[in-house]
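Before any comments, here is the structure.
Chains as they are written, first to last, in my numbering: chain P, 1 to 304; chain G, 305 to 702.
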């Protein structure tokens with residue numbers, strides 16, 4: 001199918017089904033940015049944002065079009081996830097999901113059936129259309145499996161590894177770290193330690209166990225609301241974090257953090273950096289807050 | 305950011321079959337999409353050069369996927385290629401360069417001492433990742449007055465990069481100095497760079513649309529022979545100076561002496577030669593093809609090595625190695641800190657967490673995906689119904 005064919009069909013669909021104008025615009029962006037040989041759409045951030053605005057994926061061609069309400073992660077994904085395979089890291093380059101591509105293919109095939117005046121070609125078009133629907137069904141199953149697998153949500157601050165002197169007993173973090181504390185997954189996870197009591201909006205047993213492993217002693221952990229956690233975090237205290245160097249290798253350390261305005265990466269004590277197998281040649285580090293020691297000043301870093 | 309600084313060029317594909325390099329096409333692969341993806345090289349400053357080298361039959365890519373049967377095809381022995389210096393360090397022999405030397409001429413132009421440098425310390429992907437750049441007048445002058453000449457059969461000028469006056473300090477003894485300069489308790493043990501704000505501001509990257517892009521903080525860069533690192537701090541140029549003989553020079557870059565990295569000679573010797581040239585001394589072209597001459601050149605240069613007195617905030621702090629190093633930048637990384645979802649869907653993370661007896665993962669909330677899954681399954685069943693409907697329609701037309 002040539003570009004001209006694709007846009008001819010898309011134009012037809014736009015005119016016939018104007019209620020999905022947002023979706024057709026997204027299709028146009030994807031078609032315009034699809035490599036003709038490799039067949040992969042590469043989008044920049046603003047194009048990806050535009051595609052992400054689509055709330056419904058329709059399959060037209062019947063009296064009542066089949067619709068799927070979607071979230072942005074069902075439409076676009078970041079290409080940097082496969083940076084290692086491409087041997088370069090392509091930050092801020094996006095592509096659309098197989099689900100989006102298959103639905104778009106089905107609609108373009110439907111447009112062909114509607115547009116062709118010849119019966120023989122229409123029959124051939126129906127064959128192609130059935131094949132695409134089968135592929136779409138397989139894609140939906142694959143997608144459902146992925147949704148099922150990605151059930152945990154852990155947020156962290158991702159930045160470049162910067163090696164600090166051995167006597168630095170904190171993880172130094174840039175000011176962007178503060179933005180973590182507006183986010184639901186962080187509020188749900190963090191344990192506020194006040195004296196000999198811990199407060200969490202999440203899993204009590206797990207919180208108790210992790211605090212113990214970090215050497216933070218509490219008599220009991222109490223389950224409270226997220227609002228209470230939010231209120232507690234607004235006071236003074238010290239954040240304790242886990243620091244993860246590479247998710248595949250899974251090197252994990254922990255320690256108290258200090259925000260430093262002058263730093264643009266995550267500063268890690270040289271000894272810990274050595275244990276994490278990290279240096280300053282472009283390694284990424286992720287810091288996730290785990291506990292907040294209320295009205296308590298502490299300085300420590302260690303590894304599990 | 306990165307997409308405009310680089311462009312795709314098509315490079316001829318080959319495969320290595322029984323120690324012979326043979327040309328391949330998309331019909332040799334089961335997945336032609338993956339094949340085409342492999343032949344596209346994403347490059348910046350040297351993109352047109354990469355294209356030229358491919359057209360001239362010097363540079364080739366090796367697709368990652370295994371080809372179908374290639375038996376009986378004639379090719380060139382793999383020993384005639386350099387498969388390391390222009391390949392990714394993660395995948396040697398992914399790019400092949402036809403050459404009669406142990407290392408590609410490109411590597412020898414980037415580092416004239418390549419034949420006496422450790423085999424794994426090459427330009428690698430910085431050859432592709434270096435974006436087009438524009439320098440201010442002072443840096444252009446610095447480069448013009450310090451660029452080295454290289455002999456590879458005939459006289460060439462070294463491969464262009466960004467030159468900077470560099471002091472090399474011992475990473476084990478520099479902690480106090482680094483804190484004084486950066487106001488942070490940094491260590492050079494991580495192989496990072498401290499750079500002057502004025503030097504970095506004098507460099508602008510250029511997109512393929514002609515826009516100027518400032519250098520981000522931090523940025524990944526590399527000196528000779530893969531002495532790579534990120535910029536860990538910036539300092540005001542007037543605070544850090546170096547006195548060489550009677551000349552006081554601004555310091556652009558502070559880096560460690562590369563002691564354990566087996567690329568010390570390439571960094572320090574080449575930097576020293578550039579500085580000698582900049583200071584008006586006579587520097588002979590480097591014969592990059594003669595190993596013995598290269599070794600004696602290193603020996604000679606180290607004998608005449610320039611040291612300087614480092615001056616920080618007007619105080620002399622000690623003697624340091626000084627030279628003019630050449631740097632390449634990598635703008636394919638988004639180096640800015642950002643909040644992101646940790647990727648823990650890897651089985652390995654669960655396995656490791658279990659092995660360490662960690663309850664860490666249990667602390668993180670599970671997202672309720674029931675509704676989303678339900679919608680997907682409804683959609684699948686409607687698609688299935690639609691498929692049957694279209695089948696009936698097709699049957700009716702037959």
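The beta-carbon is built from N, C-alpha and C at its ideal position, and this holds for glycine as well. All figures in this text were calculated on a predicted structure; none of them were measured in a lab.
Using a 10 Å radius around the Cβ and a threshold of 16 neighbouring Cβ atoms, would you call residue i buried or exposed?
i: residue 641/G; result: buried
i: residue 687/G; result: buried
i: residue 459/G; result: exposed
i: residue 600/G; result: exposed
i: residue 145/P; result: exposed
i: residue 585/G; result: exposed
i: residue 71/P; result: exposed
i: residue 119/P; result: exposed
i: residue 203/P; result: buried
i: residue 513/G; result: exposed
i: residue 16/P; result: exposed
i: residue 158/P; result: buried
i: residue 479/G; result: buried
i: residue 700/G; result: exposed
i: residue 88/P; result: Any reading at residue 88/P must be qualified, since the residue scores a pLDDT of 44, below 50, and its modelled position is unreliable; the value itself is stated next. Label assigned to residue 88/P: buried.
i: residue 32/P; result: exposed
Tell me the DSSP secondary structure of residue i in three-state form.
i: residue 260/P; result: coil
i: residue 574/G; result: helix
i: residue 326/G; result: strand
i: residue 158/P; result: strand
i: residue 321/G; result: strand
i: residue 109/P; result: helix
i: residue 615/G; result: strand
i: residue 637/G; result: coil
i: residue 371/G; result: coil
i: residue 359/G; result: helix
i: residue 306/G; result: Here residue 306/G scores only 47 on pLDDT, less than 50, and its place in the model should not be relied on; the value that follows carries that caveat. Helix, per DSSP.
i: residue 298/P; result: coil
i: residue 275/P; result: helix
i: residue 583/G; result: coil
i: residue 316/G; result: coil
i: residue 254/P; result: strand
i: residue 163/P; result: strand
i: residue 601/G; result: helix
I think residue i touches residue j, with their Cβ atoms under 8 Å apart; what is that distance to the nearest whole Å?
i: residue 341/P; j: residue 270/P; result: Because chain P is modelled from 1 through 304, residue 341/P falls outside the range shown and cannot be assessed.
i: residue 310/G; j: residue 435/G; result: 7 Å
i: residue 646/G; j: residue 229/P; result: That pair is no contact at about 20 Å.
i: residue 30/P; j: residue 41/P; result: 5 Å
i: residue 431/G; j: residue 185/P; result: Not confirmed; about 40 Å, so no contact.
i: residue 561/G; j: residue 473/G; result: 7 Å
Grab me the residues of residue i's own chain with a C-beta within less than 6 Å of its C-beta, minus the 5 sequence neighbours each way, in chain order.
i: residue 248/P; result: Confidence is the limiting factor: at residue 248/P the pLDDT is only 49, short of 50, which leaves the residue's position unreliable, though a coordinate-based value still follows. Nothing listed; no residue qualifies.
i: residue 446/G; result: 467
i: residue 587/G; result: 577, 580 and 581
i: residue 67/P; result: 56 and 58
i: residue 429/G; result: 392
i: residue 463/G; result: 413 and 414
i: residue 556/G; result: 468, 469, 500 and 503
Go through its chain and collect everything with a Cβ distance to residue i's Cβ below 7 Å, but skip five positions before and after it.
i: residue 103/P; result: 57, 59 and 136
i: residue 506/G; result: 439, 440, 442 and 443
i: residue 175/P; result: 259 and 261
i: residue 296/P; result: 237 and 238
i: residue 207/P; result: 191, 198, 200 and 221
i: residue 226/P; result: 187, 188 and 201
i: residue 530/G; result: 425, 426, 428 and 567
i: residue 324/G; result: 379, 380, 381 and 382
Taking 8 Å as the limit between beta carbons, can you name the residues of its chain near residue i, skipping five residues before and five after?
i: residue 516/G; result: 438, 508, 509 and 510
i: residue 369/G; result: 333, 334, 335, 338, 339 and 342
i: residue 449/G; result: 581 and 582
i: residue 132/P; result: 102, 105, 106 and 109
i: residue 12/P; result: 111, 114 and 115
i: residue 602/G; result: 417, 420, 569 and 573
i: residue 169/P; result: 255, 256, 269, 299, 300 and 301
i: residue 593/G; result: 405, 412, 419, 455, 456 and 457
For the ligand FMN, is there a heavy atom less than 8 Å away from the beta-carbon of residue i?
i: residue 591/G; result: With respect to small molecules bound, the structure shown includes none, and the ligand FMN cannot be examined in it.
Entirely enclosed alpha helix (DSSP H) segments - the segment 486-554 of chain G, minimum 4 residues: 501-505
Entirely enclosed beta strand (DSSP E) segments - the segment 419-498 of chain G, minimum 3 residues: 436-439, 453-456, 458-461 and 466-473
3 or more residues per run - each beta strand (DSSP E) lying fully within the segment 35-79 of chain P: 56-59, 66-69 and 76-78
Complete alpha helix (DSSP H) runs within the segment 186-251 of chain P (minimum length 4 residues, chain order): 204-213 and 226-233
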